[in-house]
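>
Residue numbers (UniProt numbering), protein chains in the order written: chain A, 1 to 458; chain B, 1 to 458.
Structure follows, in C-alpha cells:
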C-alpha cells in the first residue's frame, strides 16, 4: 500500500517536471483515483507540489478525469484548484460530475463566480444545481443526488434492462432503480438483481418492491445514513413534503456522513468544536475553538473557591486536609465523567431513551455505591498513613459521598440537557468537573469540620 | 417511522396470542425484516414477549425468514433463540444463511453443540464454517464472506450474465464479480454495470478491471472498512498469505465495523472499556469496567498530595492560596485534555503521523501561549479581588505556566504512548489530569513561595 503511493508520488513528480499529459493519463488509468488524490494532497502538504502545479496538472487531464479527481479532493484543495479554473472549463467539468458533487462544488464557489457559472450551464443543469445547492448544510438534501435511475411500471423486463443500460453512464447507480408515476411519486423500487432474475415476460410493476424505506429532504443527513445502515440498502430514496421523489442518497455518501458524525461526537466530548484537519488548521483558529470553554471553566471554579474560603479556618487548623483536596475532587469528577460519557453515547444511539431516566438512576446508584466504597477503602489507607484514623475516616466518608454525587450528576446531566434541547455531548464533561469540584470541596470540609472539631468540643 | 413500528408491535402481539403462522408470514412480507427484528428486541426488553415466545414465533416462520431474522437480531437475542433450537432445525437455517453470518452464529454457539451441529452439515459447508469461524475476532477474516460471485476470464458477456443469474440467489452480491484462475488467484474484477454495458462479443478478460484494491484476511477488520470507504467500493476482495482469493467484505459489514469502531473510540476516551448495550449491562459488570481507572487515579493523586505536603508551611501562612488550587490544577488538566483528544483522533485517522511530532509541538506551543495568556488575564482579575496584586501576580504566572505545560504533556503523551505500542485513546485523559495536577501543585506553590516570601526576606 505504502509502496504504491510512493510509486505514484515518484511518477507524479516526473510528470509535473515535464508537464506530460500522456504519462499523466497513463498514471490515472493504472492507479485508483482515490490514491492519486491522496498523493496530490500529501505533496501539497509537504510542498513538493505547489497549488499552481496541482492546478496545471489537473488542466492536462481529460474532462472526465478532472471531474473524478475533484470528487476525491478534500474541500480546501478542491477550492484552490477550482478558484484558478476559467469558468468555461469549470462548466465543462460540472457537466460530467455526479449531481451531488457538482452542487457541493457550486455551493462552495466564491459568490461572485456563481451567477456567471450558472449562465454557462443549460437550463436543466442550472435548475438542478440551484435546487440541490439550496438545501441547508447537514440536511438530507445537501448530500442527495438527482441522477438516479427511473423505470416505467408497465415496461417488461427486457425493456427495463435496455433502459438501464442506456442510462448507466450518467447515473450514480443502476443497481437500484425507482419506478415513478407522472407526478414523480414513487410506486416502487427494483434492484438490478431482481430484474436479472425475473422472467422476461414479467412487467416492472409485478416484480418491484412496493414497501419502501424513505427519508425526507429536510431531515438531518444522519437519518439517511441510519436508514441505509439499518436496512442494508445501497441507496435510500428522498422525498419532498408532497412525497415526491426528489433524489437518492447512496451508501458511500452515508459512510462519509457516519464518519463525520463519529468525528464530531468525539470532539464534542473534548469540548472542542473543531472537526477539520488538525494539521491544516492555523494556530489562531485552534485558539479560538478552544479558548471559550477553558475560560468559562476558570469562572466556574469560583464556586469551589468560595467553598474553600468559607472553610478557611478549618484548613488553617488542619493543613493536612489540603493533601487530599485534589484527590477527592478529581475522583468525583472522574467518576461523574464516566457516567456522563456512557449516558451521552447511549442517548445518542437510542439505546437509552428519555423515559428510562429513573431506572437508569436506580442502577447508577448501585454502581456508584460500589465504586465509592472501593475508592473509599483505597483512600482511607492513604489517610491513615498521612494523618491517622480521624483523617482516614474523614477522607473515606467524603470519597463515598463525592463519588455517589458525581455519578448521579454525571448520569442525570445528559438527560437534563437533552430535555432543554441542549447538546449533552459538548457540555457534559466540563460542567461535571466544575459541579463535582464545588460539591466535593463543600462536602470534604463539612465532614472534616464535623468529625475533627467534635472531639475537642465534647 | 414510529407509527410503523407500533403497527408491527400490535400485529405481532396478536400473532403471538394466536400463534398464527399465516398472519406472521404476511407481516414479514409487508414490513422490512430490520423493523420486525427491532420490534422483537423492544418487546423482549419491556417483557411484552418472553424469550420462549420469541423462540416459538421464529419456529413458525419458513426457514429463509428464520435465517434473515437471525441475521438482524443482536448477538444476545440471537443466542437466546438459537440455544432453544434443536440442532436439526439449526442446521437447516445455516444452509440458507449468508456465509459470514452463519460462521458468526456458529462461533458464538455453546462449545458442546458445535461438533454435533457440524456433523449435520455436508462436507463443503462444514469446511467453510470451520474456516471462517477460525479467524480471530477483529480480523478481516472474521467479517468476510465466502459466497462471492466468480467468473471465468474466457467467458463472453452473455455467458457471464447467464452465470451470474444462476448464482444470484446464493451469493451475497452479484454486482461485483471476481475473475479467478485455477489456483484461486484474482485476475480481475468486473461489475455488473460494466457487464451490462459491454459489447456482447467481448470476453470477460477484455472488460475486467485488472488493478484491484485488496486486503489480507489476517489484517485488522478496520483495514477492510477503510478500503471500502476510501475507494467507494461495494465490496473488497480478501487474500490469504499466498495471495489467493479467500473471501470478500461487503459495504454493509464495513459500515457496521465503522460504527463499532466509533463507539469503541468514544468509550476509550471515557476510560471505560465497555462497548455493549448500557441498558442490558448488569451493575456488577459496569462496576468492574469502571473501577480500575478510578482507583488507579486515586493513587496517581499521591503525587499532588506530596507536592502539597512539601509546601505545607507556605499554605499555612497564605491560606488564601488554597482558594485558587482547584482552579489552577483543573485548568492545566482541561487544556491538556483538549490537546490530547485532538491528537489522539488525528493520529487514529492518520491525519497526523509520528514524524509530525516536532511540527505539531511548535504549533501547540503557540496555541498554548495564547490560551494561557487569556486564562491568566481572567484568573488575575479573580486573584486581585481575592488577595490583592501579589496573589494576582502569582496566580497569573502559575496559570500561564500550567496551561503551557498541560498542553505540551497532552500533545506529546499520545505520541509517546503510540511509540510504546500502548493505546493512546484509553490512557491519555486520566493520565494527563494526574500529571497536570502534580505539576500544577508544584508550580503554584513554588511561584507563591518565591513571590510572597521574597519581600519579607529583603
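Just so it is clear, CB atoms sit at the ideal spot from N, CA and C, and this is done for glycine as well.
According to a CB-to-CB cut-off of less than 9 Å, which residues of the stretch 312–329 of chain A neighbour chain B?
Result list: 312, 313, 315, 316, 319, 320, 322, 323, 324, 325, 326, 327, 328 and 329.
> How many whole angstroms separate the CB atoms of residue 413 of chain A and residue 340 of chain A, which I take to be in contact at a CB cut-off of 8 Å?
Correct: roughly 6 Å between the Cβ atoms.
> For a contact defined as C-beta to C-beta under 7 Å, what are the partners of residue 16 of chain A on chain B?
Ordered by position in chain B, no residue passes the 7 Å Cβ test against residue 16 of chain A, which lies about 22 Å from the chain.
> Who does residue 188 of chain B pair with in a DSSP beta bridge?
B/179
> Does the beta carbon of residue 193 of chain B come closer than 7 Å to any beta carbon on chain A?
It does: the Cβ of residue 193 of chain B has a partner Cβ on chain A nearer than 7 Å.
> Can you grab the Cα-Cα spacing for the pair residue 143 of chain A / residue 221 of chain A, in whole Å?
7 Å
> Using beta carbons (cut-off 7 Å, strictly below), is residue 227 of chain B in contact with chain A?
By this cut-off, residue 227 of chain B is not an interface position.
> Could you give the C-beta distance for residue 120 of chain A and residue 129 of chain A, rounded to a whole number, given that I count them as a contact under 8 Å?
With 8 Å as the limit, residue 120 of chain A and residue 129 of chain A do not qualify as a contact, their Cβ atoms being about 11 Å apart.
> Can you tell me whether residue 293 of chain B is buried or exposed, with buried defined as 16 or more other CB within 10 angstroms of its CB?
buried
> Run the CB neighbour count on residue 310 of chain A, radius 10 Å, all protein chains shown included, and call it buried at 16 or more, exposed below.
Residue 310 of chain A is exposed by the Cβ-count criterion.
> If the criterion is Cβ atoms closer than 7 Å, does the pair residue 250 of chain A and residue 351 of chain A meet it?
For residue 250 of chain A and residue 351 of chain A, no; Cβs fall outside 7 Å.
> Could you give the residue range of the beta strand (DSSP E) that holds residue 150 of chain A?
149–151
> Using 8 Å for Cβ pairs, my map puts residue 440 of chain A next to residue 329 of chain A. What's the rounded Cβ distance?
4 Å
> What are the complete alpha helix (DSSP H) segments, minimum 4 residues, inside the stretch 80–151 of chain B?
87–96, 99–107, 114–119, 123–134 and 140–143
> Given a cut-off of 7 Å on the beta-carbon distance, is the pair residue 126 of chain B and residue 184 of chain B in contact?
no
> So, residue 290 of chain A versus residue 400 of chain B, is the Cβ gap smaller than 7 Å?
It is not a contact, given that the beta carbons lie outside the stated cut-off.
> If contact is defined by three or more beta carbon pairs under 8 Å, each pair taking one atom from either stretch, is the stretch 379–399 of chain B in contact with the stretch 360–371 of chain B?
Result no; under three Cβ-Cβ pairs closer than 8 Å.
> Where do the ends of the alpha helix (DSSP H) carrying residue 387 of chain B lie?
357–419
> Let me know the secondary structure DSSP gives residue 248 of chain B once reduced to three states.
strand
> Give me, in chain order, the residues of the same chain whose beta-carbon lies closer than 6 Å to that of residue 234 of chain A; leave out the 5 immediate sequence neighbours on both sides.
Only 175, 176 and 251 meet the Cβ criterion.
> Considering only residues of the UniProt domain "CBS" (208–264) of chain A, which uninterrupted beta strand (DSSP E) runs meet the minimum length of 3 residues and lie entirely inside it, listed in chain order?
235–239 and 245–250
> Give a yes or no on whether the minimum CB-CB distance between residue 400 of chain B and chain A is below 7 Å.
no
> Take residue 149 of chain B as the anchor and find which of B/247, B/368 and B/283 has the nearest alpha-carbon.
Per the Cα distances, B/247.
> Can you give, in chain order, each stretch of the alpha helix (DSSP H) that sits fully within the stretch 25–52 of chain B and has at least 4 residues?
33–45
> Counting along the chain, where does the alpha helix (DSSP H) carrying residue 202 of chain A start and finish?
From DSSP, residue 202 of chain A is part of no alpha helix (DSSP H); its letter is neither H nor E.
> Could you check what DSSP says for residue 20 of chain A in three-state terms: helix, strand or coil?
coil
> On the DSSP bridge assignment, give the partners of residue 156 of chain B in chain order.
B/203
> Give me the Cβ distance between residue 237 of chain A and residue 212 of chain A, rounded to the nearest whole Å; I'm assuming they're in contact under 8 Å.
6 Å
> Report back the beta-carbon spacing between residue 80 of chain B and residue 42 of chain B to the nearest angstrom; my notes put them in contact at under 8 Å.
Taking the Cβ atoms as the reference, residue 80 of chain B lies roughly 15 Å from residue 42 of chain B, outside the contact range of under 8 Å.
> Roughly how many angstroms lie between the CA atoms of residue 325 of chain A and residue 444 of chain A, to the nearest whole one?
When only Cα atoms are considered, residue 325 of chain A and residue 444 of chain A end up about 8 Å apart.
> What residue range is occupied by the uninterrupted alpha helix (DSSP H) comprising residue 173 of chain A?
From DSSP, residue 173 of chain A is part of no alpha helix (DSSP H); its letter is neither H nor E.
> Taking any Cβ of chain B, which residues in the stretch 28–50 of chain A have a Cβ under 9 Å from it, in chain order?
29, 30, 31, 32, 33, 34, 35 and 38
> Report yes or no: do the stretch 96–105 of chain B and the stretch 61–74 of chain B share at least 3 C-beta pairs separated by less than 8 Å?
Verdict: yes, contact present.
> Nearest-angstrom Cα distance between residue 204 of chain B and residue 195 of chain B?
8 Å
> Name the two residues that bound the continuous alpha helix (DSSP H) containing residue 313 of chain A.
Per DSSP, residue 313 of chain A belongs to the alpha helix (DSSP H) from 312–317.
> Any beta-carbon of chain B closer than 7 Å to the one on residue 178 of chain A?
So no, residue 178 of chain A is outside the interface.
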